[in-house]
Amino acid sequence: MNFDQTDAQMAIREAARRFAAAKLAPHYNTRAREHYMDRSVLKEMGKLGLIGPDLPEEFGGMGEDLTTAGIVAEEIAYGDFNISYIQLLASLLGGMVAKHANADLARAWLPKIIAGEAIIGLGLTEPRGGSDAANLQLRAERSGNGWVLNGEKTSMSFCEQADVAIIFARSGDPDGGSRGVSAFLVDMHDKGITRTHFDDLGTKPVGRGSAFFDNVFVPAECVMAEVDRAFSTIMVGFDYSRALIGLQCLAAAQASVDETWKYVREREAFGAPIVQYQGVSFPLAEAETQLTMMRQLCYYTLHLRHVGKPHTAEASMCKWYVPKTACEILHQCLLLHGHYGYTRDLPHHQRYNDVLGLQIGDGTAQIQKLVIAREKAGRVALQYAKQ
Ligand SMILES: Cc1cc2nc3c(=O)[nH]c(=O)nc-3n(C[C@H](O)[C@H](O)[C@H](O)COP(=O)(O)OP(=O)(O)OC[C@H]3O[C@@H](n4cnc5c(N)ncnc54)[C@H](O)[C@@H]3O)c2cc1C
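To convert, take the position in the sequence shown, counting from 1, and add 151; that gives this note's numbering.
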C-alpha cells in the first residue's frame with residue numbers, strides 16, 4: 152500500500168489547512184456557542200472546493216478520490232469540528248444523491264450543496280430508537296403522481312437548517328424490517344414539515360432536532376433507488392461516513408494535543424517546564440501514538456473503499472474506537488492545562504462536548520461492535536439481537 156499523498160491531495164490539504172488556520176480556528180470556540188452555521192463561511196469553503204470534493208464533476212464536484220474527502224474533513228475539523236459536519240454530510244449524502252436520486256434533482260441540489268449554498272440532512276432515526284434503524288414507522292403512501300409522508304424523524308443533524316434531506320420512510324409491510332423501506336429526497340421547506348431544536352451538550356451550530364411530517368406531498372421523482380428496497384441499497388454508504396467521522400474526531404483531538412505540547416513547554420512548576428515531568432509528557436506521547444494509529448486506520452478504510460474491497464468491519468472500527476479515544480485524549484489535554492483547562496476560554500471542553508456526540512451519532516459503539524462481530528463470525532453473531 153502506498154502511504155504517499157499525490158500532488159493533488161497535498162495541494163488540497165494545504166488549501167484546507169490554510170483556510171482552517173485563518174478562518175476557522177480563531178473563531179471555533181465562540182462560534183461553537185451559536186445556534187446556526189455561518190453560511191458565509193460555507194460559501195467560502197465552497198469556492199475553495201472544500202465541500203464534497205469527491206462528488207462527480209457533472210454535479211459541480213471535482214471528482215476527487217475518497218482519500219481527498221477524508222483529508223478535507225480532517226483539516227477542516229482541526230480548525231472547527233462543527234463546520235466539518237458540512238463536508239461529512241456533503242460527501243456522504245451528496246454521494247448517495249449522485250448515485251441514487253433522479254438526475255434532474257441531483258443537478259438541482261448538488262451544485263448548491265457543493266457551493267455551500269444549501270445544507271443537506273438525513274432523516275433516519277425515529278423516536279422509537281435509532282440502533283434498530285430499519286424498524287422505522289414514518290409512513291409513505293402513494294398519492295397521484297407522488298407520495299404523502301406522515302410521521303416523525305428525530306435526532307436529525309442540521310434539523311432546522313437543512314434545505315434538503317434524505318428521508319427514509321416505510322412504504323411497504325409495516326413489519327417488514329429493512330424490506331418495505333423507501334428513501335425520498337425531500338425539500339425541507341415543503342408544506343407540512345415542522346422542525347424543532349434540541350438543547351444539546353455540543354455541536355450547537357449544527358443542531359439536532361425532530362422533523363414532523365404532516366401530509367407532506369413529494370413528487371414521484373423524489374424517490375431514491377428502488378421503492379421498498381432503499382434501505383439495503385443506500386445504507387452501504389454509511390461505511391464511508393464512519394471513516395470520515397474518525398478523521399473529524401481525531402483532528403479535534405490532534406488540535407488539542409498540539410496546543411497542549413506548546414503549553415507544557417512554556418508552563419513551569421517546581422522550577423522547570425512541566426514537559427520535563429513524565430507524568431505530563433507520557434499522556435501526550437501516548438496520544439500521539441493513538442492518533443497516528445487511528446489516522447492510518449481511517450485512511451486505510453477509505454483506501455479499501457476506493458479500490459472496491461470489503462471495508463465494513465474497518466469502518467465500524469473507525470466509528471467506535473476513534474470518537475471514544477479522541478474524547479479520552481481531549482480530557483487529558485484539558486487536565487494538563489490545570490485550572491485554565493476548566494474555563495470556557497480554552498477550547499478543550501468544547502471539543503470534548505462536540506466529539507462526544509459522535510460516540511452516539513451514526514451508530515453507537517455497541518452497534519459497531521455487533522457489525523464487526525457479524526463481519527468476522529457471520530450472522531450467528533447477531534441472533535440474540537433478532538436481526
Ligand atoms: C450528535 C448526533 C447526531 C446525529 N445525527 C443524526 C442524523 O443526522 N440523522 C439521523 O437519522 N440520526 C442522527 N442521530 C441519531 C443516532 O444515529 C442515534 O442516536 C443512534 O443510532 C442510537 O439510537 P438511539 O439514540 O435511539 O439509541 P437506542 O437505539 O435506543 O439505544 C440505546 C442504547 O442501547 C444500546 N443498544 C441498542 N441495541 C443494542 C444491542 N443490540 N446490543 C447492545 N447495545 C444495544 C445502544 O448502543 C445505546 O447505548 C444523531 C445522534 C447524535 C447524538
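Every residue, glycine too, gets a C-beta built ideally from N, C-alpha and C.
Owing to the predicted nature of the structure, the values given are computational and were not obtained by experimental measurement.
Considering only residues of the same chain and omitting the five flanking positions on each side of Gly-230, which have a CB-CB separation below 7 Å? Taking the sequence shown and counting its residues from 1, one reaches residue 230 at position 79. Within the same chain, Gly-230 has close Cβ partners Ala-171, Ala-172, Leu-175, Ala-176 and Tyr-179.
Indicate, with yes or no, if ligand 1 has a heavy atom lying under 7 Å from the CB of Met-307. Counting from 1 along the sequence shown, the entry for residue 307 is found at position 156. True, at least one ligand heavy atom lies under 7 Å from that Cβ.
List, from N- to C-terminal side, the beta strand (DSSP E) runs of 3 residues or more that fit wholly inside the region 353 to 418. Along the region 353 to 418, the beta strand (DSSP E) occurs as fully enclosed runs of 3 or more residues at 359 to 370, listed in sequence order.
Hey, would you say the C-beta of Leu-273 is under 7 Å away from at least one heavy atom of ligand 1? On the sequence shown, position 122 is the one that residue 273 refers to. Yes, since a heavy atom of ligand 1 falls inside the 7 Å radius drawn around the Cβ of Leu-273.
Given a cut-off of 8 Å, decide if Cys-373 and Pro-474 are closer than it, judged by their beta-carbon atoms. Here residue 474 refers to the residue found at position 323 of the sequence shown. Here residue 373 refers to the residue found at position 222 of the sequence shown. No, the Cβ-Cβ distance between Pro-474 and Cys-373 is not below 8 Å.
Measuring only the C-alpha atoms, how far is Ile-224 from Gln-288? For the purposes of this step, residue 224 is taken as residue 73 along the sequence shown, with counting starting at 1. For the purposes of this step, residue 288 is taken as residue 137 along the sequence shown, with counting starting at 1. For the sequence presented, residue 224 should be read as Ala rather than Ile. Rounded to whole angstroms, Ala-224 to Gln-288 spans 33 Å at the Cα level.
If we ignore side chains and look at the alpha-carbon of each, how far apart do Ala-477 and Ala-403 end up? Translated into the one-based positions of the sequence shown, residue 477 becomes position 326. Translated into the one-based positions of the sequence shown, residue 403 becomes position 252. Rounded to whole angstroms, Ala-477 to Ala-403 spans 8 Å at the Cα level.
Can you tell me which of the three DSSP states Ala-159 falls into? Taking the sequence shown and counting its residues from 1, the one referred to as residue 159 is at position 8. The answer is helix: DSSP assigns Ala-159 an H, G or I state.
Could you have a look at Gly-512 and say whether DSSP puts it in helix, strand or coil? As a first step, residue 512 is located in the sequence shown; it is residue number 361 there, counting from the start. In the three-state reduction of the DSSP assignment, Gly-512 falls in the coil class, being assigned neither a helical nor a strand state.
Proximity test, Leu-435 beta-carbon vs ligand 1 heavy atom, cut-off 7 Å: Residue mapping note: residue 435 aligns to position 284 of the sequence shown, counting from 1. No, the Cβ of Leu-435 stays beyond 7 Å of every heavy atom of ligand 1.
Using only CA atoms, which one of Ile-344, Lys-342, Val-299 and Met-196 lies nearest to Ser-333? The residue given as residue 333 occupies position 182 in the sequence shown. Checked all of Ile-344, Lys-342, Val-299 and Met-196; the closest Cα to Ser-333 is Val-299.
Looking at Gln-501 and Gly-353, is the spacing between their C-beta atoms short of 8 Å? Walking along the sequence shown from the start, residue 353 turns up at place 202. Walking along the sequence shown from the start, residue 501 turns up at place 350. The Cβ-Cβ distance between Gly-353 and Gln-501 falls below 8 Å.
Am I right that Ile-270 and Asp-314 are in contact with their C-beta atoms under 8 Å? What's the rounded C-beta distance? Walking along the sequence shown from the start, residue 270 turns up at place 119. Walking along the sequence shown from the start, residue 314 turns up at place 163. Contact annotation, Ile-270 with Asp-314: C-beta distance approximately 6 Å; criterion of less than 8 Å satisfied.
Three or more C-beta pairs under 8 Å: does that hold for the region 329 to 345 against the region 244 to 261? A contact exists between the region 329 to 345 and the region 244 to 261.
Is the number of C-beta pairs between the region 158 to 170 and the region 484 to 492 that are closer than 8 Å three or more? The region 158 to 170 vs the region 484 to 492: no contact.
Does DSSP put Gln-538 in a helix, a strand or coil? Position 387 of the sequence shown holds residue 538. Residue placement at Gln-538 is poorly supported in this model, since its pLDDT is 42, which falls under 50; the coordinates still yield a value, given next. Residue state, collapsed to three classes: coil.
Given 8 Å, three or more beta-carbon pairs between the region 408 to 416 and the region 478 to 485: Contact between the region 408 to 416 and the region 478 to 485 is present, because at least three Cβ pairs lie under 8 Å.
Within a Cβ cutoff of 7 Å, which residues of the same chain sit near His-462, ignoring the five residues on either side of it in sequence? For the purposes of this step, residue 462 is taken as residue 311 along the sequence shown, with counting starting at 1. For His-462, where only same-chain residues beyond five positions count, the Cβ hits under 7 Å are Asp-390, Thr-452, Leu-455 and Arg-456.
So what's Asp-338 in DSSP terms, helix, strand or just coil? For the purposes of this step, residue 338 is taken as the residue at position 187 of the sequence shown. It is a strand residue.
Closest residue to Gly-358 among Ala-516, Arg-184, Leu-261 and Gly-197 (Cα-Cα distance): Stepping through the sequence shown from its first residue, residue 358 is reached at position 207. Nearest C-alpha to Gly-358: Arg-184.
Could you tell me if Ser-235 is buried or exposed, where buried requires 16 or more neighbouring beta carbons within 10 angstroms of its beta carbon? Your numbering for residue 235 matches position 84 in the sequence shown. Burial call: buried.
Have a look at Glu-439 and Tyr-414 and give me their C-alpha separation to the nearest angstrom. On the sequence shown, residue 439 is found 288 positions in, with the first residue counted as 1. On the sequence shown, residue 414 is found 263 positions in, with the first residue counted as 1. Near 16 Å, if we compare the C-alpha coordinates of Tyr-414 and Glu-439.
Go through its chain and collect everything with a Cβ distance to Glu-479's Cβ below 7 Å, but skip five positions before and after it. As a first step, residue 479 must be located in the sequence shown, where it is residue number 328. If we look at Glu-479 and ignore the five residues flanking it on each side, it has no Cβ neighbours.
How about Arg-321: is its Cβ closer than 7 Å to a heavy atom in ligand 1? Stepping through the sequence shown from its first residue, residue 321 is reached at position 170. No - ligand 1 has no heavy atom lying nearer than 7 Å to the Cβ of Arg-321.
Residues in its own chain within less than 6 Å of Ile-425 by CB, not counting five upstream and five downstream? Residue mapping note: residue 425 aligns to position 274 of the sequence shown, counting from 1. Cβ neighbours of Ile-425 within its own chain (closer than 6 Å, five residues either side excluded): Val-415, Arg-418 and Val-431.
Does DSSP put Leu-275 in a helix, in a strand, or in coil? Residue mapping note: residue 275 aligns to position 124 of the sequence shown, counting from 1. Note: Leu-275 maps to coil in three-state DSSP.
Check whether the Cβ atoms of Ala-257 and Ser-329 lie closer than 8 Å to each other. Numbered from its first residue, the sequence shown carries residue 257 at position 106. Numbered from its first residue, the sequence shown carries residue 329 at position 178. With a cutoff of 8 Å on beta-carbon distance, Ala-257 and Ser-329 are scored as not near each other.
Name, in chain order, the residues that DSSP records as bridge partners for Asn-301. As a first step, residue 301 is located in the sequence shown; it is residue number 150 there, counting from the start. Its beta-bridge partners are Arg-290.
Can you find the residues in the same chain that come closer than 6 Å, C-beta to C-beta, to Ile-318, ignoring five residues on each side of it along the sequence? Against the sequence shown, residue 318 aligns to sequence position 167. Result list for Ile-318: Gly-274, Phe-335 and Val-337, in chain order.
Quick one: is Gln-312 buried, meaning 16 or more other Cβ sit within 10 Å of its Cβ, or exposed? Position 161 of the sequence shown, counted from the first residue, corresponds to residue 312. So Gln-312 counts as buried.
Residue environment, Gln-238, which counts as buried when at least 16 other CB atoms sit within 10 Å: The count along the sequence shown starts at 1 and reaches residue 238 at position 87. Gln-238 comes out buried.
Should Thr-218 be labelled buried (16 or more other beta-carbon atoms within 10 Å of its own) or exposed? Counting from 1 along the sequence shown, the entry for residue 218 is found at position 67. Burial is judged here by how many other beta carbons sit within 10 angstroms of a residue's own beta carbon; Thr-218 has at least 16 and is buried.
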